[in-house]
Each structure stands twice: as structure tokens, then as C-alpha cells.
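Working notes for the structure below.
Numbering (the working numbering), first residue to last: 1 to 161.
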């Protein structure tokens, strides 16, 4: 199964995402969506599961989503601070024992195996700004495991300071 993973769109969906997500069967959005219009633009590509980010105020999204895809358990939550082992979210992760934890917030891509699970932050996918790298991820789920691949978004388009 091929899954598209995106986060921190902040109200803007880059037109390049549609091509990068061609063939995905599901999309996970790690929060800071910015506008329900972003989800509406993603839905024609594949079903979307999205979570509330710390800057989201509307849309009706939940703080956490737990779902099964291709026989794997996914935990999607906007802020997962790997440096703060005492954070409450880590207790929930330990209790629920997901195979994959998808998050955002830091705007920095991360693909790390830890404690028997994959932690994946696809990076920042909002408007180009300050030459900040922008990316999404593709997650391939098979009988052999789960493998993530980052896809860079072009640093062009409507700029934001």
C-alpha cells in the first residue's frame, strides 16, 4: 500500500503535491492544516485522515487519529517531541503500540525507527518562505515492513514572509 504523508500546509496546498501523491491509496495529514480547503483539495486524490494542529481553529479535526492501514496501526498527532520522553503523548504511544507515528509541527523531515516503531515527520509543506526546504513523504507498506521516502517540493510559488 502506498500512503501520502503531509503536514504543516498552513492553508496552502502546493500544486506539485497532486503529482507526487499520484497512486496513493490514503493520505495522512499531520496537522496545521490551515483551512478545510486543503483537505477538500486532497480528497480527490485519496481518502484523507487529518489531525488538529496547534494553529488550526476550525475544520472539526481531532487531536489524535488512530487507524489501521494495510495491517499496520498508525498514530497521527501533530506534536510529538522525541526529546521529551516524559510528554503525555509518549505514554499514549506506549500504551497503544502503533507501528507508525506520524506527526508534524517542527517543519523538519524525520524518519526514525525507535522502540520498534517508525516515527515519521514529512516536513513543512506550506507556502515557500525564507528558502525553507519543503517536503512530503510517501510511505510504502508491505509484508516486509514500512519504508518512508521524502519528496521535495519546489521552492517556488506564492511566497510568504
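Note that CB positions come from ideal geometry on N, CA and C, so glycine has one too.
Note that the structure is a prediction, hence the values are computed from the model and not measured.
**Study point:** Helix, strand or coil at residue 149 according to DSSP, with G and I counted as helix
**Key:** Residue state, collapsed to three classes: strand.
Review point. What first and last residue would you give for the alpha helix (DSSP H) that runs through residue 3?
Key: It is not in any alpha helix (DSSP H) - residue 3 instead sits in the beta strand (DSSP E) that spans 2 to 6.
Exercise for review: Could you tell me whether the segment 4 to 21 touches the segment 121 to 135, where touching means 3 or more Cβ pairs closer than 8 Å?
Suggested key: With a cut-off of 8 Å, the segment 121 to 135 and the segment 4 to 21 count as touching, because enough Cβ pairs lie within range.
**Study point:** Distance CB(residue 57)-CB(residue 77) smaller than 8 Å
**Key:** Going by beta carbons, residue 57 and residue 77 fall outside the 8 Å limit.
Point to revise | Cβ of residue 112 within 8 Å of any chain D Cβ | key: Of the protein chains in the structure, only one exists, and it is not chain D.
Exercise for review: Return helix, strand or coil for residue 65, following the three-state DSSP convention.
Suggested key: Note: residue 65 maps to strand in three-state DSSP.
Check your understanding: Does the segment 39 to 58 come close enough to the segment 18 to 31 to have 3 or more Cβ pairs within less than 8 Å?
Key -> Counting C-beta pairs closer than 8 Å gives three or more between the segment 39 to 58 and the segment 18 to 31, which meets the contact rule.
Review point. Do you know how far the Cα of residue 152 is from the Cα of residue 142?
Key: So the alpha carbons of these two residues sit roughly 23 Å apart.
Review point. Assuming residue 148 and residue 118 make a contact with CB atoms under 8 Å, what is their CB distance in whole Å?
Key: That belief holds up - the Cβ atoms of residue 148 and residue 118 are roughly 7 Å apart, short of 8 Å.
Review point. How big is the Cα-Cα spacing for residue 112 and residue 85?
Key: Rounded to whole angstroms, residue 112 to residue 85 spans 15 Å at the Cα level.
Exercise for review: State buried or exposed for residue 130, treating a residue as buried only when at least 16 other CB atoms are found within 10 Å of its CB.
Suggested key: Answer is exposed; the Cβ neighbour count stays below 16.
Review point. Which term fits residue 48, buried or exposed, when burial requires 16 or more other beta carbons within 10 angstroms of its beta carbon?
Key: Residue 48 comes out buried.
Review point. Which runs of the alpha helix (DSSP H) spanning at least 4 residues fall entirely within the segment 11 to 44, listed in chain order?
Key: Fully enclosed alpha helix (DSSP H) runs of 4 or longer: 16 to 20, 36 to 42.
Practice item. Return the CA-CA distance between residue 45 and residue 19, expressed in angstroms with no decimal places. Key: In this structure, the CA atom of residue 45 is about 10 Å from the CA atom of residue 19.
Check your understanding: For residue 104 versus residue 7, is the C-beta spacing smaller than 8 Å?
Key -> Result yes, Cβ atoms of residue 104 and residue 7 sit closer than 8 Å.
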